[in-house]
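A.B. asks: Before I ask anything, let me first share the structure, which is written out below as structure tokens.
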Amino acid sequence: MNRRIFLRGLGGACVAAPFLGSIFDRTVMAQPATPPKRLIVMYTHYGCITTRWFPTKSHGPLTAADLQSTTLKHLAPYVDKLLMPRGIRAMNEWTATLARGQGNDRHTQVNGSYFTCHPVTPNSDDPFSFALETKFNAMPTGPSLDHVIARQLSPQGTPLLLNTTGQTENAQSAISYSAAVTLFKGLNASQAFSSLTGIFEAGKPPSPDTYAAMRGKSILDIVKDDLQTLERFDMSRADKQKLAAWKELLHSTGDVVASAQCDTSLATALGVTQENIDLTSTAPGVDDRLTRRISDGLDGADLCSNLAVLAAACNANPVIFLKYPGNYTFKGLGLTQESAGLSGRLGSAGMVGTCVPGAIDKLLTIDDYYARKFAHLVGQLNGIDEGDGTLLDNCAAVWLQDVSDGCARNLNNLPIVQAGSAGGYFKTGWAVNVDDGSPDLTTGNSEITCAEGTPNEVDGMSQETGTDPSLANAPINKYFCSLMNALGVKAGVDGFPARGGSEPVTHFGMYDRTEDFIGGEINPPTIHDPGEFAALRASS
């Protein structure tokens, strides 16, 4: 069979049955190609003013009115496509009393453990040590979520990690690890753009050969389930040989089914051009790369989001992480203090002292900026038609923050907002309290100090601005299991993600109870509460 005719006729569906004479009367009907599912994560540092970020409704259907008085008001147009998982705790919380995690550092261990759910090493049992190796250089003992998913789903086995400012990451702010103590370096905007421009010709969708060479997803992977169904039929020896030959032909082509959306006209519409990329390449320290205007409707952060949208539309990588920087000064927002010190309300690395004048308003300015950037990302995804819906409908686009309240640096009651159902897997238009289903989960205590009419002194060690630690403690491991199952990641018989597995994912990480992290790896690996959050499923 002519290879070109075969590829043109395949169309993304297995049509082998008519060629098998012994089972011709039991023809397997070709199914329409299903759009791929993608995970797009926007990750920001230092939490938020939780009392303004969360809607008061913590469990139940969401309306635009629920968002209007909150930081998330910019997402009101997409409320029907939002999911707010409430009551979730991230792992390995730093506390001054060494009561809820390791003693390394309130940034290092939280970021290192966030997507790995592993402790960091070397361990420290002294929360106030300034040892270089434990406070600043410790790294997690396992790989992060983006790599675990990418090993099964991404063409090259690695995620697309987009560093929005291009600044160098260190263990205090890094989130992506390809293996134990192996930090993964992301791409800046220019590098990400270069990786995408080779997959299409001007005004045309990518050719199968070009796209395959760049991204490598096999047609055999796409039609694997159909072929396995055929192999179970009772057929003649001759047809078994035909089917084996068919599989070999599929394997040898190494081709992909590409989206018709993926062309230079889409890139231009998104503003992803060489000229705009060059405008973001100003030397560090000259100005604020994130807020720098590129056009009337686009700044540097939006351009990075649009690069992620283009990568998703082209299915260049189903695992895309947008990493915002730590220790950043938002000069374009009129701020002069860097974000880490400002999050502690003191403008410095201290934890006890007098509030920076206007601290709450300044933090709300940053929160609002991040919310606008996430709304922009969601709007761009929602504006591209795909299948029976939009590109957003086939994604889980999630804004995750390293902590809840930035001063308390508490990990319970984590602010999470997701847009898109990942192809109908998730319930949307809802806030879901996965901890106990209570309709009145607290929004936290972020304005208990530094706000008008409140004390003007900060005590970050007491975590008074955070949420009561007895509340909202459902392990984030379960949400990661939900995301992996939505994308089609498979597990071995033990429930942990495994290439070649056939089971749903029920286990992730080393620990799912933050207290187990105390002492590093001294406790045996334990997942106390396996499974995903069934309450987030569309069918629940």
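Each residue of the sequence shown is one higher than the last, beginning at 1 in the numbering used here.
Quick reminder that beta carbons are idealized off the backbone N, C-alpha and C, glycines included.
The structure displayed is predicted, hence computed values, not measured ones.
1) Tell me, to the nearest whole angstrom, how far the beta carbon of Pro140 is from that of Pro119; I am working on the premise that it is less than 8 Å.
2) Could you say if the segment 131 to 138 and the segment 157 to 167 meet the contact criterion of at least three C-beta pairs nearer than 8 Å?
3) So, at 6 Å on beta carbons, what are the nonlocal neighbours of Met84 in its own chain, with the 5 sequence-adjacent residues on each side left out?
4) What residues are listed by DSSP as bridge partners for Glu457?
5) My output table needs one value for Gly271: the three-state DSSP class, helix, strand or coil.
6) What does a CB cutoff of less than 7 Å around Gly424 pick up in its chain, not counting 5 residues either side in sequence?
7) Measure the C-alpha to C-alpha separation of Leu290 and Leu333 and round it to an integer number of angstroms.
8) When the Cα of Thr336 is compared with those of Pro357, Tyr324, Gly350, Ile320, which residue comes out closest?
9) Taking all protein chains shown into account, decide if Ala283 is buried (16 or more other Cβ within 10 angstroms of its Cβ) or exposed.
10) Determine the extent of the beta strand (DSSP E) in which Phe130 is found, giving its start and end residues.
11) Is Phe493 helix, strand or coil when you go by DSSP?
12) Taking just the CA atoms, how far does Arg86 sit from Asn394?
13) Can you tell me the Cα-Cα spacing of Asp541 and Thr56, whole angstroms?
14) Can you tell me whether Gly518 is helix, strand or coil according to DSSP?
15) Give the C-beta separation of Ile40 and Ala371 to the nearest angstrom, bearing in mind that I take them to be a contact with Cβ-Cβ under 8 Å.
16) Give the DSSP bridge partners of Met139, in chain order.
17) Could you give the distance in angstroms between the alpha-carbon of Leu279 and the alpha-carbon of His45?
18) Suppose contacts are defined by Cβ-Cβ distances below 8 Å. Is His107 in contact with Gln172 by that definition?
19) Can you list the beta strand (DSSP E) stretches of 3 or more residues lying completely in the segment 33 to 82, in chain order?
20) Thinking just about the alpha-carbon of each residue, which of Val272, Lys478, Asp296, Phe54 is nearest to the one in Thr467?
21) Can you tell me where the alpha helix (DSSP H) holding Lys373 begins and where it ends?
22) Mark Gln102 as exposed unless 16 or more other C-beta atoms lie within 10 angstroms of its C-beta, in which case mark it buried.
23) Where does Val319 fall in DSSP's three states?
24) Using beta-carbon positions only, say whether Tyr78 and Val378 come within less than 8 Å of one another.
25) Bridge partners for Ser295 per DSSP, in chain order?
26) Secondary structure at Ala474, three-state DSSP: helix, strand or coil?
27) Specify the secondary structure class of Met91 as computed by DSSP and reduced to three states.
28) Give the single residue among Leu342, Asn111, Ile360, Met351 whose Cα lies nearest to the Cα of Tyr43.
29) Taking the CB atoms as reference points, tell me whether Phe480 and Leu145 lie closer together than 8 Å.
30) Taking Gly406 and Ser343 to be in contact with their CB atoms under 8 Å, please state how far apart those CB atoms are, rounded to whole angstroms.
31) Taking only runs that begin and end inside the segment 140 to 168, name each unbroken alpha helix (DSSP H) of 4 or more residues, in chain order.
C.D. replies: Concretely, from the data shown:
1) Here residue 140 refers to the residue found at position 140 when the sequence shown is read from its first residue. Here residue 119 refers to the residue found at position 119 when the sequence shown is read from its first residue. Yes, Pro140 and Pro119 are in contact; Cβ-Cβ is about 7 Å, under 8 Å.
2) no
3) In the sequence shown, the residue the question calls residue 84 occupies position 84. For Met84, where only same-chain residues beyond five positions count, the Cβ hits under 6 Å are Val417, Ala431.
4) As a position in the sequence shown, residue 457 is number 457, starting the count at 1. Thr354.
5) Residue 271 sits at position 271 when you count from the first residue of the sequence shown. Of the three classes helix, strand and coil, the one that applies to Gly271 here is coil, per DSSP.
6) By one-based count along the sequence shown, residue 424 stands at place 424. Taken in chain order, the residues that qualify are Ala538.
7) What you label residue 290 is simply residue 290 of the sequence shown in a count that begins at 1. What you label residue 333 is simply residue 333 of the sequence shown in a count that begins at 1. The straight-line gap from Cα to Cα measures roughly 10 Å.
8) The residue labelled residue 336 in the question sits at position 336 within the sequence shown. Ranking the options by Cα distance to Thr336, first place goes to Pro357.
9) In the sequence shown, the residue the question calls residue 283 occupies position 283. Interpretation of Ala283 is limited by its pLDDT of 47, a score under 50 that renders its predicted location unreliable; the figure taken from the coordinates is listed afterwards. That one is exposed.
10) Reading the sequence shown from its first residue, position 130 is the one you call residue 130. Where Phe130 is concerned, there is no enclosing beta strand (DSSP E), given that its DSSP letter is neither H nor E.
11) Within the sequence shown, numbered from 1, the residue matching residue 493 stands at position 493. This sequence places Val at residue 493; Phe is not what is there. The answer is coil: DSSP assigns Val493 none of H, G, I, E or B.
12) Position 394 of the sequence shown, counted from the start, is the residue given in the question as residue 394. Position 86 of the sequence shown, counted from the start, is the residue given in the question as residue 86. Going from the Cα of Asn394 to the Cα of Arg86 covers about 22 Å.
13) In the structure as shown, the chain begins at 1 and stops at 540. Residue 541 is therefore absent and cannot be evaluated.
14) In the sequence shown, counting from the first residue as 1, residue 518 sits at position 518. Residue identity check: residue 518 is Ile in the sequence provided, not Gly. Residue state, collapsed to three classes: coil.
15) Residue mapping note: residue 40 aligns to position 40 of the sequence shown, counting from 1. Residue mapping note: residue 371 aligns to position 371 of the sequence shown, counting from 1. About 16 Å separates the two Cβ atoms, so there is no contact after all.
16) Residue 139 sits at position 139 when you count from the first residue of the sequence shown. Thr121.
17) Counting from 1 along the sequence shown, the entry for residue 279 is found at position 279. Counting from 1 along the sequence shown, the entry for residue 45 is found at position 45. Near 25 Å, if we compare the C-alpha coordinates of His45 and Leu279.
18) Along the sequence shown, read from residue 1 onward, the residue named residue 107 stands at position 107. Along the sequence shown, read from residue 1 onward, the residue named residue 172 stands at position 172. Yes. Within cutoff.
19) 38 to 44
20) As a first step, residue 467 must be located in the sequence shown, where it is residue number 467. With distances taken between Cα atoms, Thr467 lies closest to Phe54.
21) Working through the sequence shown from its first residue, we reach residue 373 at position 373. Counting along the chain, the alpha helix (DSSP H) containing Lys373 begins and ends at 359 to 382.
22) Residue mapping note: residue 102 aligns to position 102 of the sequence shown, counting from 1. By the 10 Å Cβ count, Gln102 comes out buried.
23) What you label residue 319 is simply residue 319 of the sequence shown in a count that begins at 1. Val319: strand per DSSP, three-state reduction.
24) As a working note, residue 78 is residue 78 in the sequence shown. As a working note, residue 378 is residue 378 in the sequence shown. Yes. Within cutoff.
25) For this step, residue 295 is matched to residue 295 along the sequence shown. Answer is Leu298, bridged to Ser295.
26) In the sequence shown, counting from the first residue as 1, residue 474 sits at position 474. The answer is strand: DSSP assigns Ala474 an E or B state.
27) Looking up residue 91 in the sequence shown gives position 91. In this structure, Met91 counts as coil in the three-state DSSP scheme.
28) The residue given as residue 43 occupies position 43 in the sequence shown. Considering only alpha carbons, the answer is Asn111.
29) Working through the sequence shown from its first residue, we reach residue 480 at position 480. Working through the sequence shown from its first residue, we reach residue 145 at position 145. Against a cut-off of 8 Å, the Cβ pair of Leu145 and Phe480 comes out as a contact.
30) Start at 1 with the first residue of the sequence shown, and residue 406 comes out as number 406. Start at 1 with the first residue of the sequence shown, and residue 343 comes out as number 343. Confirmed, Cβ separation roughly 3 Å.
31) 145 to 153
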